[in-house]
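Asks:
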Amino acid sequence: MSIAALSGVTDADIAAARQSQPDAFTTPAGMVRKWTPLAIAVVYVFASMWYFDFARLLDASDRVLSLLYNFVVWRDMDTWAYRQIYVGISQTLAMAFLGTFLGTLGALGVGFLAARNVMPFAAVRQIVRRILDVLRGIDQLVWGLVFVRAVGLGPLAGVLAIFVSDLGTLSKLYAEAIENIDRKQVEGVRSTGAGPIAVIRYGFLPQVLPVFISQSLYFLESNTRSATILGIVGAGGIGMIIIERFRASLYDQVAFVVLNVLVLIFAIDWLSKRIRLWLIGAKHDG
Amino acid sequence: MADTNMAGGGVSAPRDAVALYETHRAALRASKRVWNILALAAFAVCLGLSVWISQFYPERLASGVPRIFEYFGTIIPDLEWSNLFAGRTEEGRAVPGSLTYWYTDFWTYAALIWETILMAITATLIGAAVAFVLSFPAASNLAPNSWVYILSRRFLELCRGIPEILLALVFVFMIGIGPLAGVIAIAIHTAGALGKLFSEVNENASARPIDGITAVGGTWMQKMVYAVVPQVAPNFFSYAMLRFEINVRASSIIGFVGAGGIGQELNRVISFYSDDRVLAVLILVVMTVTVIDLISERIRIGYIGRENFS
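In order, the protein sequences belong to chains E and Z. Counting in the numbering used here, the final residue of the first sequence is number 1656, and the numbers go up one at a time with none missing. Counting in the numbering used here, the final residue of the second sequence is number 307, and the numbers go up one at a time with none missing.
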């Protein structure tokens, strides 16, 4: 109580303050409400550690060490199939680029069909939107597997998988961008007697194009990442080489390929940022 | 060049100003046209190369596209109206054409989906805890010194840089097939992704409460606990819930490399030609993801209130 005495605050003052400003003090009920969710989370995490058998992590230490050792120590580098590796990387890039391009082209059409202020028929809009939901709801990797079954192993399946899942997501984003535009420009173009195509070209497109380009460039970045893993299900690209080398226990090559992929991803991110700035200025970035 | 022209133009009539404007505009337009043509050419080259590398040729498409529709035809189950709801026969066999026949393995799927959801919850909680701890040193305004700041930033970048599936592949090798590998892989990725978002939230936190705690002699830890956490907690929660939705999707496919969850079953039914089962599992996965999204949205809005939710 020395502090209270020094500053001239007595127990009675504190009691009076507690009386007049009850919300400023912690109450037992408040403490319970604050800590219960946290306690539940902690208990859950420990329970699930038991359920998922986290103890296995401890048993695996020698394998972890040998794997890490093999990741870092690179042997027989002159025998690695560099040509194959870089063909795989270029396939990954090509899949991402072509898939995003086709997805953008498709979304340009479908986005307008799903936008409330362009598509007057609610039934068409609803059907288009539900189809898009399904395309989006199924993961890209599942699409990859399905297309591998349909068109065979190789990058074509990857392009189609990226195209289909991008069509679902980009169309939705495009439709939202179209719905958020300023009506006045559209009405201005319409008042000159322009037909529906001209209204879209001169009323809508100038407003939404920066958003479209920006979104598509973001998708190019994210597709470069996902194209690397599409190969794991056989849909072409570097992922196929990674998993093949992994199964053959060539961990040093896996590490080399993954490093190359990370460099590629950083390069694409940087390039896409530059293109976005050059095309549409800093205003729409981010 | 423009300066000398301006000086010369000032002497004579304003017509020169117009001419100047026109020449300047023409020059600008010409240079812009050159750049546009160059950009278009670069784009066309990229497109051509991509088409060539990925063998995206019309004849391959023409032969492939019908097979896609054919495949979608084969995954549709043979359901018959007459015995759609037929139960099992006396010997315990399901009648072909009934829902029971289509979903014979329903309880296997249900158990795997339950496992998938548990994986997502655990991975989100562990990842969010790591991200929470690292988000304070990784925020430029809160970091105690630049070394800690750079180290924690780089660590978070590394965690989110590598795709989850690749991490899962490595962990499956290290600790064997099963959900544990998936949980760890998703948790690492979550830590990286949430760490970035959390530290951005921290960077936008008001400095006044921090100054207040500094003024009464609080340590770095006390500043974080009493000045920063109360400001940022609602945003952290919202981001963690959004990440949980993403993680449910991630854990439903991470089984493709043997890391547990419904993905394992999905991979099996797609690869082993059990075609009508593919649709059965896909329907369950899409339904689970949708239901989880709806519940999570409810919780987010209920917990934080509509006005704070963006």
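Glycine included, every Cβ here is placed at the ideal spot set by N, Cα and C.
Hey, is Ile65(Z)'s beta-carbon within less than 8 Å of any beta-carbon in chain E?
Replies: At least one chain E Cβ lies under 8 Å of Ile65(Z).
Asks: Could you tell me which of Ile147(Z), Phe269(Z) and Ala128(Z) sits nearest to Ser137(Z), measuring between CA atoms?
Replies: For the residues Ile147(Z), Phe269(Z) and Ala128(Z), the minimum Cα distance to Ser137(Z) belongs to Ile147(Z).
Asks: Counting contacts by CB-CB distance shorter than 8 Å, is Gly1524(E) in contact with chain Z?
Replies: True, the Cβ-Cβ gap to chain Z drops below 8 Å.
Asks: Would Tyr68(Z) and Glu262(Z) qualify as a contact pair, given that the criterion is a beta-carbon distance under 8 Å?
Replies: Their beta carbons are not under 8 Å apart, which means Tyr68(Z) does not touch Glu262(Z) by this criterion.
Asks: Is Gly1407(E) helix, strand or coil by DSSP?
Replies: Before going on, a small fix: residue 1407(E) reads as Pro here, not Gly. Reduced to three states, the DSSP call for Pro1407(E) is helix.
Asks: Between Gly1378(E) and Lys220(Z), what straight-line distance do the alpha-carbon atoms span, to the nearest angstrom?
Replies: Taking the straight line from one Cα to the other gives about 26 Å.
Asks: Any idea if Phe133(Z) is buried or exposed, counting beta-carbon neighbours within 10 angstroms, 16 or more meaning buried?
Replies: With 16 or more other Cβ atoms within 10 Å, it is buried.
Asks: Can you tell me whether Tyr54(Z) is helix, strand or coil according to DSSP?
Replies: Coil.
Asks: Assign Thr216(Z) to one of three DSSP states: helix, strand, or coil.
Replies: Coil at Thr216(Z), not helix or strand.
Asks: If I'm right that Pro1407(E) touches Ala1464(E) with Cβ under 8 Å, what's the distance once you round it to whole angstroms?
Replies: Contact doesn't hold; Cβ gap of about 48 Å is too wide.
Asks: Is the CB-CB distance between Asn244(Z) and Ala117(Z) below 8 Å?
Replies: Contact flag set, yes.
Asks: Where does Glu77(Z) sit, in a helix, a strand or coil, going by DSSP?
Replies: In this structure, Glu77(Z) counts as coil in the three-state DSSP scheme.
Asks: Buried or exposed for Gln1454(E), please, with buried defined as at least 16 other CB atoms from any protein chain shown within 10 angstroms of its CB.
Replies: That one is exposed.
Asks: Since Thr1474(E) contacts Ala1597(E) with CB under 8 Å, what's their CB separation in whole angstroms?
Replies: Actually they are not in contact, since the Cβ atoms of Thr1474(E) and Ala1597(E) sit about 16 Å apart, beyond 8 Å.
Asks: Roughly how far, in whole angstroms, is the beta-carbon of Arg1646(E) from the beta-carbon of Ser1584(E), given that I think they are within contact range, below 8 Å?
Replies: That belief holds up - the Cβ atoms of Arg1646(E) and Ser1584(E) are roughly 6 Å apart, short of 8 Å.
Asks: Excluding the 5 residues preceding and the 5 following Tyr223(Z) in the sequence, name in chain order all residues of the same chain whose CB lies nearer than 6 Å to its CB.
Replies: Closer than 6 Å at Cβ, skipping near neighbours: Ile210.
Asks: Can you give, in chain order, each stretch of the beta strand (DSSP E) that sits fully within the stretch 1511 to 1546 of chain E and has at least 3 residues?
Replies: Taking only runs of at least 3 residues, no beta strand (DSSP E) segment lies wholly in the stretch 1511 to 1546 of chain E.
Asks: From this set, Arg64(Z), Ile181(Z), Met284(Z) and Ile172(Z), which residue's C-alpha is nearest Gly1519(E)'s C-alpha?
Replies: According to the sequence displayed, residue 1519(E) carries Arg and not Gly. Checking every option, the nearest Cα to that of Arg1519(E) belongs to Arg64(Z).
Asks: What do you get for Val1498(E), buried or exposed, if any count of 16 or more other CB atoms within 10 angstroms of its CB means buried?
Replies: That one is buried.
Asks: Going by beta-carbon coordinates alone, are Leu1511(E) and Ala1484(E) separated by less than 8 Å?
Replies: No, these two residues do not count as a Cβ contact at 8 Å.
Asks: Taking Pro176(Z) as the reference, which of Glu112(Z), Ile50(Z) and Leu17(Z) has the closest Cα?
Replies: Comparing Cα-Cα distances from Pro176(Z) to each of Glu112(Z), Ile50(Z) and Leu17(Z), the minimum goes to Glu112(Z).
Asks: Run through chain E and tell me which residues come within less than 7 Å of Ser47(Z), C-beta to C-beta.
Replies: Residues of chain E passing the Cβ test: Ala1464, Phe1467 and Leu1468.
Asks: Does any residue of chain E have a CB that is nearer than 8 Å to the CB of Ile123(Z)?
Replies: Yes, Ile123(Z) counts as interfacial toward chain E.
Asks: According to DSSP, is Arg1553(E) part of a helix, a strand, or is it coil?
Replies: Helix at Arg1553(E).
Asks: Applying the criterion that 16 or more other CB atoms from any shown protein chain within 10 Å of the CB defines a buried residue, is Gly5(Z) buried or exposed?
Replies: Bear in mind that a pLDDT of 47 at Gly5(Z), under 50, signals an unreliable position, so the number given afterwards is only what the model happens to contain. With fewer than 16 Cβ atoms within 10 Å of its Cβ, Gly5(Z) is classed as exposed.
Asks: Decide if Arg1506(E) is buried, meaning its Cβ has at least 16 other Cβ atoms within 10 Å, or exposed.
Replies: Looking at its Cβ environment, which holds 16 or more other Cβ atoms inside 10 Å, Arg1506(E) is buried.
Asks: Is it right to say Phe1574(E) is buried, meaning 16 or more other beta carbons lie within 10 angstroms of its own, or is it exposed?
Replies: By the 10 Å Cβ count, Phe1574(E) comes out buried.
Asks: Closer than 8 Å is the cut-off here; do at least three beta carbon pairs connect the stretch 1609 to 1625 of chain E with the stretch 1535 to 1547 of chain E?
Replies: In short, these stretches do not touch, since the Cβ pair count stays below three.
Asks: Thinking C-beta only, is Asn201(Z) closer than 8 Å to Val225(Z)?
Replies: No, they are not a contact pair.
Asks: What is the DSSP secondary structure of Thr101(Z), counted as helix, strand or coil?
Replies: Here Thr101(Z) sits in coil by DSSP.
Asks: Within 10 Å of its beta-carbon, does Trp144(Z) have 16 or more other beta-carbons around it, so buried, or fewer, so exposed?
Replies: Looking at its Cβ environment, which holds fewer than 16 other Cβ atoms inside 10 Å, Trp144(Z) is exposed.
Asks: Could you name each continuous beta strand (DSSP E) segment of 3 residues or more that falls completely within the stretch 195 to 243 of chain Z, going from the start of the chain to the end?
Replies: For the stretch 195 to 243 of chain Z, not a single whole beta strand (DSSP E) run of length 3 or above is found.
Asks: Buried or exposed: which applies to Ile207(Z), given that a residue is buried once 16 or more other Cβ atoms fall within 10 Å of its Cβ?
Replies: That one is buried.
Asks: Within the 8 Å Cβ cut-off, does Gly1606(E) reach chain Z?
Replies: So, interface residue.
Asks: Who are the neighbours of Asp1432(E) on chain Z, taking C-beta pairs under 8 Å?
Replies: Result: empty, since nearest Cβ-Cβ is about 10 Å, beyond 8 Å.
Asks: Just to confirm, are Phe1616(E) and Leu44(Z) a CB contact at a threshold of 8 Å?
Replies: No, the pair does not count as a contact, with Cβ atoms beyond the cut-off.
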